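First the structure, in the form of C-alpha cells, and then the observations on it.
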Amino acid sequence: MEVRYGISPIEGKGLDTKGLRDNFLIDDLFRNGELKLLYSHIDRIIVGSAVPVDSLELPAGKELGTSFFLERRELGIINIGSKGYVTLDGVKYEMNNKDGLYVGKGVREVCFESDNSNNPAKFYLNSAPAHKEYPTVKIDMKYITPQHLGSLASSNERKLYQYIHPNVCDSCQLVMGLTKLEPNNVWNTFPCHTHERRMEVYLYFDMDEEGLVFHLMGEADETRHIVMRNEQAVISPSWSIHSGVGNKNYTFIWGMVGENIEFTDMDHIDNIKIK
Numbered sequence: 001m002e003v004r005y006g007i008s009p010i011e012g013k014g015l016d017t018k019g020l021r022d023n024f025l026i027d028d029l030f031r032n033g034e035l036k037l038l039y040s041h042i043d044r045i046i047v048g049s050a051v052p053v054d055s056l057e058l059p060a061g062k063e064l065g066t067s068f069f070l071e072r073r074e075l076g077i078i079n080i081g082s083k084g085y086v087t088l089d090g091v092k093y094e095m096n097n098k099d100g101l102y103v104g105k106g107v108r109e110v111c112f113e114s115d116n117s118n119n120p121a122k123f124y125l126n127s128a129p130a131h132k133e134y135p136t137v138k139i140d141m142k143y144i145t146p147q148h149l150g151s152l153a154s155s156n157e158r159k160l161y162q163y164i165h166p167n168v169c170d171s172c173q174l175v176m177g178l179t180k181l182e183p184n185n186v187w188n189t190f191p192c193h194t195h196e197r198r199m200e201v202y203l204y205f206d207m208d209e210e211g212l213v214f215h216l217m218g219e220a221d222e223t224r225h226i227v228m229r230n231e232q233a234v235i236s237p238s239w240s241i242h243s244g245v246g247n248k249n250y251t252f253i254w255g256m257v258g259e260n261i262e263f264t265d266m267d268h269i270d271n272i273k274i275k
C-alpha cells in the first residue's frame, strides 16, 4: 500500500508540475490481475482498484493496524469494467458495469472476481474510517434516477448519479457518486467550490487515447492544474478547488470523506475571484 502525507496550501503554491503529480495524481490503476491501494493522510482515505483475473482479496496491511481491512473502516466500490463479483463474508454480489456497492464496517472477507478473465471487471475503491456498522447495500446503476445539471450553453450539461448518499444508504462519512458529461460538453464542477469540511477524490474515465482533462486545483487566487488521462485519479484537499475541462466529454467518479455527509455543503466561489 502506497502512503502519502498531507500538503498545505502554502506548500502547494511552491510545487512544480512533477511535485503536483507526485503528491496528488494517482496513476497505474486498473492493471490486470492486480490490486492497488493508496493511503492518503488527508482525512485517511484509501483509494484503490482491483482488476481480478484470478480472485483477489482485500488485505489489511500494517498501515491500518487492524486484523482485517474493514475492522474500523467502510468501503465504496464502483465497477467501471465488465461484469464481475464481490464476495463479502461468503455472500456474492453481481456487479455489472457502473454498479456500486456500499460495504459497512465489520465485514471480514472482501473478494473480487471477474465473470470473464479475458475481459475483466475493474473495481474502483474508496474507503474511510468508520465509527458504526451499517448494512451492505447494492446500488444498481439502472435503478438510479440521475440529476440533470448544467447546460450546453455553458458546456457543462451532465447527469449526476448518487451512489453512497443519504438518499440511497447510510454511511459514516463516505459519499460517492458518478457524473457523466453529455456529448459536446467539457466542463465539470464549474463554477468552482471548496468544502473545508471534506476532501474529495476524482477518478476520470470513459476517455479515449487522445482524451485529456485539465484538472484545476489550488486556492481560488492561486490555481494550478494537473493533466489527467483515462482511468487516473486525483486527490483534492479540503482547501483546494476541484474542477476541470477536457478536450471532449468524459465521466468521473467523485468520492468524499470528512466531517459530514451533506452533499450540498459547499463554499461557492465567484468566477471573478479565480486567478
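Quick note on numbering: the sequence shown equals residues 1 to 275 in the numbering used here.
By construction, the Cβ of each residue, glycine as well, lies at the ideal position given by its N, Cα and C atoms.
Model, not experiment: these values are computed from the prediction.
(Q) I'd like the list of long-range same chain contacts for His251, defined as Cβ closer than 6 Å, with 5 residues on each side in sequence excluded. (A) According to the sequence displayed, residue 251 carries Thr and not His. Result list for Thr251: Lys180, Phe205, Asp206, in chain order.
Q | Close-in-space but distant-in-sequence residues of the same chain around Tyr163 (CB under 8 Å, 5 per side omitted) | A | Correct list, in chain order: Gly76, Ile78, Gly100, Tyr102, Ile139, Ile144, Met176, Gly177, Leu178.
**Q.** Straight-line Cα distance separating Ala153 from Asp270
**A.** Roughly 19 Å between the two C-alpha positions.
Q: Tell me, please, which residues DSSP counts as bridged to Gln232.
A: Beta bridge pairing from DSSP links Gln232 with Tyr204.
Q.
Tell me which residues share the same chain as His131 and place their Cβ nearer than 7 Å to its Cβ, disregarding the 5 neighbours each side in the sequence.
A. Within its own chain, the residues whose Cβ lies closer than 7 Å to the Cβ of His131, once the five positions on either side in sequence are excluded, are Cys172, listed in chain order.
Q | Buried versus exposed, by CB contacts within 10 Å (16 or more), Arg108 | A | Counting Cβ neighbours within 10 Å, Arg108 comes out exposed, since fewer than 16 surround it.
Q: Let me know if Gly43 comes out buried or exposed under the rule of 16 or more other beta-carbons within 10 Å of its beta-carbon.
A: Contrary to the premise, residue 43 reads as Asp rather than Gly in this sequence. By the neighbour-count definition (other C-beta atoms within 10 Å, threshold 16), Asp43 is a buried residue.
Q.
Please tell me whether Val201 and Gly246 are closer than 7 Å, where the distance is taken between their beta carbons.
A. Using a Cβ distance threshold of 7 Å, Val201 and Gly246 do not count as a contacting pair.
**Q.** Rounded Cβ spacing between Phe195 and Met266 (contact assumed at less than 8 Å)
**A.** The question names Phe, yet the displayed sequence has His at residue 195. Between the beta-carbon of His195 and that of Met266 there is about 5 Å, and that keeps the pair under the 8 Å contact cut.
(Q) I need the boundaries of the beta strand (DSSP E) containing Asn23, first residue and last residue. (A) That residue, Asn23, is in no beta strand (DSSP E); its alpha helix (DSSP H) goes 17-24.
Q: Name the two residues that bound the continuous alpha helix (DSSP H) containing Glu210.
A: Neither: Glu210 is in no alpha helix (DSSP H) and is coded neither H nor E.
Q.
Would Val234 and Ile45 qualify as a contact pair, given that the criterion is a beta-carbon distance under 7 Å?
A. Cβ distance not < 7 Å, so Val234 and Ile45 don't count as in contact.
(Q) Tell me which residue opens and which closes the alpha helix (DSSP H) that Lys13 is part of. (A) Element bounds for Lys13: 9-13.
(Q) Only counting the same chain, and skipping five residues up and downstream in sequence, which positions put a Cβ closer than 7 Å to that of Phe69? (A) Excluding sequence neighbours, Phe69 sits near Leu58, Pro59, Ala60, Val110.
Q) Skipping 5 residues on each side, what residues in its chain have a beta carbon closer than 8 Å to that of Arg197? A) Residues Ser238, Gly258, Glu259, Asn260, Asp265 of the same chain have their beta carbon placed closer than 8 Å to that of Arg197, with the five preceding and five following residues left out of the count.
Q: Within 10 angstroms of the Cβ of Leu216, are there 16 or more other Cβ atoms? Answer buried if so, exposed if not.
A: Classification for Leu216: buried.
Q) Measuring CB to CB, does Pro135 end up less than 7 Å from Gly104? A) The Cβ atoms of Pro135 and Gly104 sit closer than 7 Å to each other.
Q) Since His148 and His268 are thought to touch, with beta carbons under 8 Å apart, how far apart are those beta carbons, to the nearest angstrom? A) With a Cβ gap of about 20 Å, His148 and His268 do not count as contacting.
Q. Which residues mark the beginning and the end of the beta strand (DSSP E) in which Pro129 is found?
A. Run containing Pro129: 123-129, per the beta strand (DSSP E) assignment.
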